[in-house]
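Chains A and B, in that order, are what the protein sequence lines are. For the first sequence, our numbering gives the first residue as 10, with consecutive numbering after it. For the second sequence, our numbering gives the first residue as 34, with consecutive numbering after it. Here's the structure, in structure tokens; my notes come after.
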Amino acid sequence: MSKLIEFKNYSMGFRNEKGQINNLLDNICFSIEEGKAVGVVGESGCGKSMTSLSIMGLLPTSAVIQGGEILYKGTDLLKKSEIEMQKIRGREIAMIFQEPMTALNPVLTIGFQIGEVLKIHFPNLKEEDIKKEVIQQLELVGIPNPEARVNQYPHQFSGGMRQRVMIAMALICKPKLLIADEATTALDVTIQAQVLDLMKRLKENGSLMVVTHNLGVVAEICDKVVVMYAGRVVEQGSLEAILENPKHPYTRGLMAAIPTMVSSDKELYTIPGTVPNIEDFEKGCRFFPRCEYRLDICKDNIPPTKRLMNNHYVQCWLEFEGEEANDDFNNSQSRKSD
Amino acid sequence: MTSTILKVENLTKYFDLGTKWLQPSKYVHAVENVSFELLQSETLGIVGESGSGKSTLARLILGLIEPTGGKVIYKDKDITGWQKSTLNKVSREIQMVFQDPYASLNPRIKIGDAIAEPIIAHKIIKGQSEIRSEVERLLKIVGLQPEMYERYPHEFSGGQRQRVGIARALSLRPNVLICDEAVSALDVSVQAQVLNLFNHLKKQLNLTYIFIGHDLSVVKYISNRIMVMYLGEIMEMAPSKFLFENTLHPYTQALISAIPEITTKASKKRIILEGDIPSPVNPPSGCRFSTRCFKVQDICKEKHPELKEVMPNHYVRCHFIEGSQGRGE
């Protein structure tokens with residue numbers, strides 16, 4: 010299966026007021042295969058959103074890329090100019106954001122805002138063709154009565170409907186990759202179920218990257234899971250591997266901390282402390298201060314990424330059954346600065 | 034036998050949208066005819082989508098807004114509505130923890146002073162040093178260090194701020210704590226810490242909780258009984274165990290089936306409700322859930338169902354649920 014997006018030892022950080030660079034994303038390696046859905050999970054401050062914004066080339070101005078590549082169909086997105094990126098954004102790779110309430114312009118009709126994407130990417134299209142296309146797209150995402158709805162404004166739509174409008178806008182150019190950044194977080198469960206159902210159907214036409222803190226959402230639609238902690242990929246593997254056989258102490262803690270429908274009323278497992286700030290990252294393993302299995306070696310040495318069975322990777326000093334060293338992930342710890 | 038600590042009788046709140054000339058006045062039917070009893074030392078969970086009236090109900094109980102009708106009775110005393118004196122002894126026994134730990138603390142007030150404020154206002158303790166040691170005791174109870182007294186809110190993480198919010202609510206030594214989406218804004222690892230804290234405090238201080246949330250698995254974890262609300266009405270109310278093992282109301286069934294489960298097993302049959310929660314300005318006639326119900330019949334659109342006790346302690350509002358087995362007609 011061919012890789013649509015491949016992160017190769019990608020690192021980025023932020024420049025602070027003093028001009029120093031604090032590294033956030035460190036040596037990120039994972040790929041998104043064609044027609045598959047990848048879930049990127051972790052708590053806030055773990056660099057999930059920066060990962061997705063890196064693909065789009067929409068990083069904030071204080072961000073500094075420190076090395077590595079993000080390959081899209083084999084070419085490096087980081088080397089592309091702004092004009093080249095504009096052609097990719099929206100057309101090849103599209104993104105849905107968290108807040109459907111703020112992502113739409115309140116003074117323009119829904120129809121205009123969706124059609125605008127087509128107008129920019131296909132300037133030769135006729136006005137009536139655009140309208141037809143927009144109505145078709147609205148119908149596809151399950152908005153009733155689309156002929157009338159195209160002329161309405163965002164305030165006339167409910168939260169769930171606005172998120173559908175956002176999805177319609179993202180899909181109108183039939184992108185190869187759709188990035189959903191906490192796209193269902195602000196929605197009620199019943200509406201979330203509707204949107205997840207819709208996103209599941211999208212997989213037939215392209216790849217999906219789902220950025221979320223909700224492991225339930227990942228279990229629902231993803232084939233592969235990437236677990237991030239404080240800017241590093243601590244574990245990745247197939248959905249089965251991560252959910253049924255999690256290895257990294259962080260992944261295991263995360264899963265034990267979530268109350269589920271089957272959990273008893275015993276005390277919940279907790280990971281002590283919180284995700285550290287970017288200035289407070291440890292030199293070695295960034296999970297070190299919160300880890301209950303920590304070893305002496307963890308404090309000052311970046312843990313190696315080890316390959317377990319079936320493309321299941323763990324970045325940890327602990328020893329696991331069937332592990333083998335993985336050179337792809339470890340050979341270039343050569344960030345320009347730290 | 035545990036005693037009833039709080040009793041809510043036919044509580045109703047309509048928000049007036051203002052009258053236009055020659056037009057009938059419009060009301061938001063936020064809470065309609067809600068009655069329940071809260072038992073000493075239990076945790077009552079309230080779930081429902083946004084717009085179902087959960088927060089309005091909490092505000093009505095606290096007396097922050099005036100109800101349109103109905104009564105709130107706390108330990109046999111009527112405490113309905115806005116109290117003339119906010120220093121009323123009864124009202125301070127019911128306290129609230131709010132959703133947003135970022136918005137509910139004043140950034141320019143040291144957290145120690147923020148916790149001390151209600152103690153001073155209610156004159157619970159007098160004397161500078163006594164107040165300070167009380168605040169330090171509260172900080173310890175919620176799992177913060179007493180040295181944090183001097184710090185400002187921006188120095189705290191979301192979970193720590195929520196602990197400050199809890200300490201502040203506890204400063205008046207309440208019997209009943211209303212938690213309105215108190216863990217919704219927190220990350221999962223922090224959420225687990227705060228949920229455990231709630232459970233510890235319950236035992237330690239003999240508290241009674243009303244726990245409002247939209248995440249059913251969280252509410253199930255913490256609650257003894259759960260009340261499901263939809264458009265201002267109670268749809269189903271039962272002990273947590275019964276609610277999940279013997280789900281009777283179609284809305285509760287849909288709500289439970291909509292939760293994405295962390296499992297790789299083939300997903301259970303999912304009930305996907307169509308559309309959104311209708312506007313509470315013109316709630317549907319008959320059963321309020323009739324516009325989205327997958328079991329809807331003609332009678333649902335015409336006749337308003339009553340809340341019935343179909344089994345001991347298990348209340349359901351549906352035309353098609355009757356008798357002990359919960360299946361009828």
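Note that CB positions come from ideal geometry on N, CA and C, so glycine has one too. Please read all numbers here as calculations on a predicted model, not as lab measurements.
According to DSSP, simplified to helix, strand and coil, what is residue i?
{"i": "A/Y302", "result": "coil"}
{"i": "B/T241", "result": "strand"}
{"i": "B/A63", "result": "strand"}
{"i": "A/S346", "result": "With a pLDDT of 39 at A/S346, under the threshold of 50, the modelled position of that residue is not reliable, and the figure given next carries that caveat. Correct three-state label for A/S346: coil."}
{"i": "A/R171", "result": "helix"}
{"i": "A/M318", "result": "coil"}
{"i": "A/D35", "result": "strand"}
{"i": "A/G28", "result": "coil"}
{"i": "A/G48", "result": "strand"}
{"i": "B/T285", "result": "helix"}
{"i": "A/I14", "result": "strand"}
{"i": "A/F297", "result": "helix"}
{"i": "A/F329", "result": "coil"}
{"i": "A/Q75", "result": "strand"}
{"i": "A/Q165", "result": "helix"}
{"i": "A/G262", "result": "helix"}
{"i": "B/S290", "result": "helix"}
{"i": "B/L72", "result": "strand"}
{"i": "B/S36", "result": "coil"}
{"i": "A/S53", "result": "coil"}
{"i": "A/Y278", "result": "coil"}
{"i": "A/G22", "result": "strand"}
{"i": "A/E291", "result": "coil"}
{"i": "B/L77", "result": "strand"}
{"i": "B/G30", "result": "What is shown of chain B runs 34 to 362, which leaves residue 30 of chain B out entirely."}
{"i": "A/T60", "result": "helix"}
{"i": "B/Q358", "result": "Confidence in B/Q358 is poor, its pLDDT being 47 and thus under 50, which makes the residue's placement unreliable; the coordinate value appears in the next sentence. DSSP places B/Q358 in coil when its eight states are reduced to three."}
{"i": "B/I144", "result": "helix"}
For residue i and residue j, I'd like the C-alpha separation in whole angstroms.
{"i": "B/T52", "j": "B/V221", "result": "45 Å"}
{"i": "A/I119", "j": "B/P317", "result": "28 Å"}
{"i": "A/K315", "j": "A/M178", "result": "40 Å"}
{"i": "A/E108", "j": "A/H164", "result": "14 Å"}
{"i": "A/L127", "j": "A/V243", "result": "39 Å"}
{"i": "A/P285", "j": "A/Q29", "result": "18 Å"}
{"i": "A/K183", "j": "A/N214", "result": "8 Å"}
{"i": "A/F16", "j": "A/I41", "result": "9 Å"}
{"i": "B/Q128", "j": "B/L172", "result": "17 Å"}
{"i": "A/A189", "j": "A/E52", "result": "16 Å"}
{"i": "A/M237", "j": "A/V50", "result": "6 Å"}
{"i": "A/I129", "j": "B/P134", "result": "42 Å"}
{"i": "A/K89", "j": "A/C38", "result": "20 Å"}
{"i": "A/V150", "j": "A/I181", "result": "11 Å"}
{"i": "B/F48", "j": "B/H62", "result": "7 Å"}
{"i": "A/T283", "j": "B/F189", "result": "11 Å"}
{"i": "B/R165", "j": "B/Q132", "result": "26 Å"}
If the cut is a Cβ gap below 7 Å, which residues of chain B does residue i touch?
{"i": "A/Y278", "result": "A225"}
{"i": "A/G367", "result": "Residue 367 of chain A lies beyond the stretch modelled for chain A, which goes from 10 to 347, so this question has no answer here."}
Which residue or residues does DSSP assign as beta-bridge partners of residue i?
{"i": "B/E269", "result": "B/V261 and B/V349"}
{"i": "A/T84", "result": "A/Y81"}
{"i": "B/T45", "result": "B/G102"}
{"i": "A/M270", "result": "Note: A/M270 sits in no beta bridge, so no partner."}
{"i": "A/Q324", "result": "A/T314"}
{"i": "A/I41", "result": "A/I14"}
{"i": "A/A334", "result": "A/K315"}
Name the chain B residues whose beta carbon is nearer than 9 Å to that of residue i?
{"i": "A/M318", "result": "Within 9 Å Cβ-Cβ: nothing; A/M318 doesn't reach chain B, min ~16 Å."}
{"i": "A/H270", "result": "According to the sequence shown, residue 270 of chain A is Met rather than His. What A/M270 touches in chain B: L249, S250, K253, F277, I289, I292 and E294."}
What does residue i touch in chain A if you count any residue whose Cβ is under 9 Å from its own?
{"i": "B/D133", "result": "Chain A residues near B/D133: none, gap ~14 Å exceeds 9 Å."}
{"i": "B/R184", "result": "Per Cβ cutoff of 9 Å: no residues; B/R184 is ~15 Å from chain A at best."}
Would you mind telling me which residues of chain B sit closer than 8 Å to residue i, beta carbon to beta carbon, in chain order?
{"i": "A/A266", "result": "V221, S222, Q224 and A225"}
{"i": "A/L205", "result": "P293"}
{"i": "A/Q201", "result": "A291 and P293"}
{"i": "A/H222", "result": "D220 and V221"}
Determine the chain A residues that contact residue i at a beta-carbon separation under 8 Å, and present them in chain order.
{"i": "B/G192", "result": "T283"}
Taking residue i as the query, report the chain A residues whose CB atoms sit under 7 Å from its CB, ordered along the chain.
{"i": "B/N245", "result": "Residue identity differs from the one stated: residue 245 of chain B is Ile in this sequence, not Asn. Ordered by position in chain A, no residue passes the 7 Å Cβ test against B/I245, which lies about 14 Å from the chain."}
**Request:** Any chance you could list the alpha helix (DSSP H) runs of at least 4 consecutive residues sitting entirely within the stretch 293-352 of chain B, in chain order?
**Result:** 331-335
**Length at least 4, wholly inside the stretch 91-159 of chain A: the alpha helix (DSSP H) runs in chain order** = 91-97, 119-130, 136-149 and 155-158
**Asked** Of all the alpha helix (DSSP H) runs that stay within the bounds of the stretch 170-255 of chain A, which reach a length of 4 or more residues?
**Response** 198-211, 224-230 and 248-253
**Prompt:** What alpha helix (DSSP H) runs, 4 residues minimum, are completely inside the stretch 80-142 of chain B?
**Reply:** 87-95
**Prompt:** Counting only runs that start and end within the stretch 162-236 of chain B, where is the beta strand (DSSP E) found for 3 or more residues in a row?
**Reply:** 209-213
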